[in-house]
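Residue numbers (this note's numbering), protein chains in the order written: chain A, 78 to 310; chain B, 52 to 359. Glycine included, each C-beta is placed from N, C-alpha and C at the ideal position.
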């Protein structure tokens with residue numbers, strides 16, 4: 078589904094965010110992307126959603142080199158990827174309903190269908206009673222969950238999440254990770270950037286580790302849990 | 052959850068819904084910022100009122116001009132020795148001509164009084180200038196004045212025929228200048244409408260930069276992002292045109308009394324002509340198109356900056 082071949086990304090000004098990253102995420106797979114802040118996790122996710130273009134190498138999405146797609150094709154590609162942003166990226170002057178509905182409005186769904194799906198999505202993230210609340214009236218964790226509802230509402234084949242549990246208490250984090258697992262079991266390919274290593278360990282999924290722009294580890298699900306367990310304090 | 056499931060309708064319906072959402076979104080923006088919207092529309096209306104007002108003035112002056120043409124009279128100076136009897140005889144002769152509506156004989160005494168009045172001189176200062184009888188001939192509205200004057204010149208006991216066509220020609224020329232001026236002003240103010248809307252949409256885009264980015268992030272096409280702004284431009288254009296139209300009507304209503312008073316001094320009645328419904332249609336179309344165009348220019352420039 079997603080394949081990185083010798084991908085490097087250098088930002089103007091000389092910051093080398095990624096250098097020679099190789100990995101593949103198969104359709105229906107779920108993986109965590111960990112590493113210190115500044116290791117290049119966000120850049121890697123941004124390359125998949127074509128929010129950035131690689132300086133070198135290829136990012137293949139469904140066999141297509143996304144570094145080469147024309148700007149005209151970018152919107153179509155982005156609709157296949159639900160992205161949960163660290164800073165939420167919500168419309169702060171709108172209600173929760175309007176924010177979550179955005180991908181469906183763009184796709185031209187009927188309003189009744191949109192209402193139905195928004196309610197279902199908000200129910201999943203536990204915000205059903207906040208449908209008509211303005212974004213600034215929500216806590217950071219609630220805003221994060223609105224972002225999650227928006228990312229998954231159009232049922233994209235791929236979900237990317239950048240620190241989705243950053244603002245949440247442990248219980249809620251666990252609950253949301255379970256939600257990602259459920260979505261994955263239903264067929265969505267999921268890639269989550271996080272530094273919540275405890276949670277990653279407990280879920281025992283494949284884990285990719287970035288360090289200073291290089292992929293230094295790629296642990297398969299079962300092994301990841303065991304190894305971290307041994308190395309633990 | 053299943054993959055991209057049914058859209059609940061065909062592509063055309065989805066397209067129509069997207070348009071509907073864009074339209075609602077643009078209206079929402081106007082309603083959320085009532086002051087900004089109102090100010091913009093007022094500025095546009097002022098810019099449009101001037102050419103529309105001038106055009107309305109021109110239309111009314113042309114109507115006055117047509118009326119004056121009809122009221123145009125020819126002064127026929129009779130020979131000095133024609134006397135009252137002669138004058139009355141010639142007058143009754145001329146009034147039987149097909150091309151002549153009325154003949155009004157003016158005695159030398161009346162002529163003297165008018166001359167004294169017109170020059171502001173005392174009657175005795177003017178002195179004992181011999182004045183002839185004059186026939187004020189009102190021609191039929193359809194007649195060729197120059198040809199009629201020529202025939203009058205050849206008539207019995209006629210000394211001189213005076214047709215003051217100069218001022219009519221001058222008025223014609225003035226109206227010509229005026230109508231060209233209206234066209235120039237219309238072009239100028241159309242350009243200002245374009246720039247006002249374009250500038251307004253540009254600041255609007257900067258204000259909503261974050262929103263545009265978010266829309267692009269979740270997969271909105273440039274067309275989808277552009278559309279609400281194009282609608283906003285259209286609303287502003289239409290609003291400006293409508294308000295300008297109302298302003299000109301209000302202006303006409305306020306001028307009605309004074310113009311009637313002015314016309315009364317000429318012994319005429321004046322009916323002010325308001326801009327036609329076709330003109331309203333033309334203004335709405337023109338201003339609406341300019342609004343969309345202005346918005347398009349602004350959005351395209353900004354979108355090019357936002358997209359990677």
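Query                                                                                                             : Result
Classification of residue 224(A) by the beta-carbon crowding that lies within 10 angstroms, buried from 16 upward : buried
Cβ neighbours of residue 209(B) in the same chain (closer than 8 Å, five flanking residues each side left out)    : 127, 128, 129, 130, 141, 203
C-alpha distance - residue 369(B) paired with residue 149(B), whole-angstrom precision                            : Because chain B is modelled from 52 through 359, residue 369(B) falls outside the range shown and cannot be assessed.
The segment 86 to 112 of chain A: positions lying closer than 9 Å to chain B by Cβ                                : none
Assigned exposure category for residue 239(A) - 16 Cβ within 10 Å defines buried                                  : buried
The alpha helix (DSSP H) enclosing residue 302(B), as first and last residue numbers                              : 273 to 316
Chain A contacts made by the segment 91 to 113 of chain B, where a contact means CB separation under 9 Å          : none
Identity of the residue in 142(A), 112(A), 131(A) nearest residue 79(A) by Cα                                     : 142(A)
Within-9 Å CB hit, residue 141(A) to chain B                                                                      : no
Cβ shell of residue 124(B) (< 7 Å), same chain only, five flanking positions each side left out                   : 187, 188, 189
7 Å Cβ shell around residue 320(B) - same chain, five flanking residues per side excluded                         : 314
Proximal residues to residue 77(B) (C-beta, below 7 Å), its chain only, five neighbours per side dropped          : 279, 282, 283, 286
Straight-line Cα distance separating residue 127(A) from residue 97(A)                                            : 18 Å
Paired residues, beta bridge with residue 82(A) - DSSP                                                            : 135(A)
Contact with chain A by residue 279(B), beta-carbon distance below 9 Å                                            : no
Cutoff 9 Å: residue 79(A) Cβ touching any chain B Cβ                                                              : no
Contact under 9 Å by Cβ, residue 120(A) with residue 285(A)                                                       : no
Residues that residue 182(A) contacts on chain B, provided the C-beta gap is smaller than 7 Å                     : 72
Within-9 Å CB hit, residue 272(B) to chain A                                                                      : yes
Residue 294(A): first and last residue of the uninterrupted beta strand (DSSP E) it sits in                       : 291 to 296
Residue 209(A) (DSSP reduced to helix, strand or coil)                                                            : coil
Residue 311(B) Cβ short of 8 Å to the ligand ADP heavy atom set                                                   : What this structure holds is no ligand at all, so the ligand ADP is not there to describe.
Sequence-distant residues of its chain with Cβ nearer than 6 Å to residue 152(B) (five each side left out)        : 189, 191
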